[in-house]
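Below: one structure, written as structure tokens.
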Amino acid sequence: IQGEEPAELESRWLETGERRPMAILAAGGAHLEEYEGNNRWEVLLEALKRKKNYRRFLFLKEKKARGEASIEEVREFADLAKALKGGSR
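Adding 4 to a residue's 1-based position in the sequence shown gives its number in our numbering.
In structure tokens, the structure reads:
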């Protein structure tokens, strides 16, 4: 979250099928009690990976829209879209 408007964030989360941020916001501070010990770092690492994958997804989406993406990039785009929607990768 880098100063985006709430509507922008919600739109992005819905576009990627990401429901966790909205659930966390709805739960308030109580969600932190779910994570104990090192699991907090795993959650943080996973969030950072998703952010990195989402940025790459957007880059490839633009490149694909301009018709400049290679076959490998189109495959990567599809894999990222699937992973972001399904919550894996």
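Glycine included, C-beta positions come from ideal geometry on N, C-alpha and C.
- Using a Cβ distance threshold of 9 angstroms, E22 and R54 count as a contacting pair.
- In this structure, K67 lies away from T20, with their beta-carbon atoms at least 9 angstroms apart.
- In the displayed model, A73 falls within coil according to three-state DSSP, outside both helix and strand.
- Spanning the alpha carbons of A85 and A51 requires a straight line of approximately 16 angstroms.
- Going by beta carbons, K56 and F81 fall outside the 9 angstroms limit.
- Here E22 carries a coil assignment [DSSP, helix/strand/coil].
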